[in-house]
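Chains as they are written, first to last, in my numbering: chain L, 2 to 202; chain V, 2 to 202.
Reviewing the structure listed below.
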DNA sequence: AGTTAATGACACTTCACGGTATCATTAAGA
DNA sequence: TCTTAATGATACCGTGAAGTGTCATTAACT
């Protein structure tokens, strides 16, 4: 039915893209063990043989799909000018359907793909926390009027972690559990705004 | 090899316990799609036939295993006398291997078990947040000295959600991603103590 | 031009798993 | 006591999935 033979260079590139697109979709819906390469191949308009010559086995397909999707999501997270902008953008992007499905997949397979989970954390939450830390002064205590709190001065990274945990709070947990819809940009910005005063007084 | 015939009442009860024990272990390690009832049956010293007469199908076994394990974890979370005690106990229990494996399983299968995810959230995070809210005064602003912050007075539940998100912060995310070991009670208590001043000044 | 690499088509193997059937056996229930 | 329910053992069915082999075909590479 389709054309055979060795493909042109861009045909090959588009094929690889289609394979990963189909893999991302299938893994997001059915999980790793629940997805089949037959179904991914059919959905990509490609034969299973092609997938095996490209990736070798199913685990490599999963790995490549997670990596590419993570790159795509990170590319959409532009750095804002203010902390408020950055936080709002972060909340919006990380609560999107794509980001939640990716996060869920990596958590689900973390016991069987520990290296993938580590890379995901470094490039994802770890990177975001470092980004937030650049906006937080290093010496600001969390409650200047309270001497006890002033004694426990936290470095910027620790407070950036706390801020990140607040930005991805219960709303994010409910998203992972598929209980809430994705928030609008306005809702994301409002949530971000409600978190900031807790960390930067 | 083993004794046949109808079992005594407590034999039956122990059998059901063994089945769920084996199911919890297998689902925690291999996920839902990656687990097999053959392996669970063998591990429980029971035939597959028994599991089917008890639960009907694989999904029901998963449901029952999650429910029982959640009950068990919740039973170990005793209410402390002070907010500090409750928070420390919560952090310790919810970062345990068993709680993390359960949380991970429910997240992984949330798209395919939406009702289970909803029940999990109500009885788990939802319940814990309500517990925390009882220790938080309703009218306390998060930064009394700042008039802008004082204008955004949050009800106790919203601040309890923020506290819960802080208690299950980056450490919990890294636990879900299988990147960190379970914290000791001392570490859990220290983490809880570091969260409280952000929410209750 | 000649060689090589990558593909589609397709059949094939191997294996595991969900679920069912049967039957002897033994305790529970009436 | 007699019926019934629940089990172990065991075999089985149907399905689907991972991964491979082969071959004609066609573009890339030299």
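Built from N, CA and C at the ideal position, the CB exists for glycine as well.
Fair warning: this is a prediction, and the values are worked out from it, not measured in the lab.
By the Cβ-count criterion, residue 128/V is exposed, with fewer than 16 other Cβ atoms from all chains shown falling within 10 Å of its own Cβ. Under the DSSP assignment, residue 72/V falls in the alpha helix (DSSP H) whose first and last residues are 59–76. Taking C-beta separations shorter than 7 Å and ignoring five residues to either side along the sequence, the partners of residue 21/V in its chain run 65, 66 and 69, following chain order.
In the three-state reduction of the DSSP assignment, residue 183/V falls in the coil class, being assigned neither a helical nor a strand state. Put simply, of 112/L, 17/L and 78/L the residue whose alpha carbon is nearest the alpha carbon of residue 89/L is 78/L. DSSP places residue 97/L outside both helix and strand once states are collapsed to three, so it counts as coil. In this structure, the alpha-carbon of residue 183/V lies about 36 Å from that of residue 23/L. Short of 7 Å from the beta carbon of residue 91/L, and not among the five residues preceding or following it, lie these beta carbons of its own chain, in chain order: 78, 129 and 168. Residue contact check for residue 162/L against chain V: a CB pair falls below 7 Å.
What residue 35/V touches in chain L, judged by beta-carbon distance under 9 Å, is 32, 33, 34, 35 and 113, going in chain order. The DSSP-derived three-state label of residue 115/L is helix. In this structure residue 8/V is exposed. Its beta-carbon is surrounded by fewer than 16 other beta-carbon atoms within 10 angstroms. By a beta-carbon distance limit of 8 Å, residue 30/V contacts residue 112/L. Their separation comes to about 7 Å.
The beta carbon of residue 44/L sits closer than 8 Å to those of 23, 26 and 27, all from its chain and outside the five residues before and after it, given in chain order.
Residue-level contact check: residue 170/L touches chain V, since one or more beta carbons of chain V fall below 7 Å from its beta carbon. In the three-state scheme derived from DSSP, where H, G and I count as helix and E and B as strand, residue 80/L is classed as coil. At a C-beta separation below 8 Å, residue 61/V has no neighbours in chain L, since its nearest C-beta there lies roughly 18 Å away. Of 33/L, 186/L, 17/L and 200/L, the smallest CA-CA separation from residue 136/L is found for 200/L. Short of 7 Å from the beta carbon of residue 134/V, and not among the five residues preceding or following it, lie these beta carbons of its own chain, in chain order: 157, 158 and 161. For residue 47/L, no alpha helix (DSSP H) run applies, since DSSP gives it neither H nor E. Residues of the segment 180–200 of chain V with a C-beta atom less than 8 Å from some C-beta of chain L are 180, 195, 196, 198, 199 and 200, listed in chain order.
By a beta-carbon distance limit of 8 Å, residue 96/V does not contact residue 163/V. Their separation comes to about 19 Å.
Around the C-beta of residue 15/L, fewer than 16 other C-beta atoms lie within 10 Å, and the residue is accordingly described as exposed. Between residue 124/L and residue 32/V, the alpha-carbon positions lie close to 25 Å from each other.
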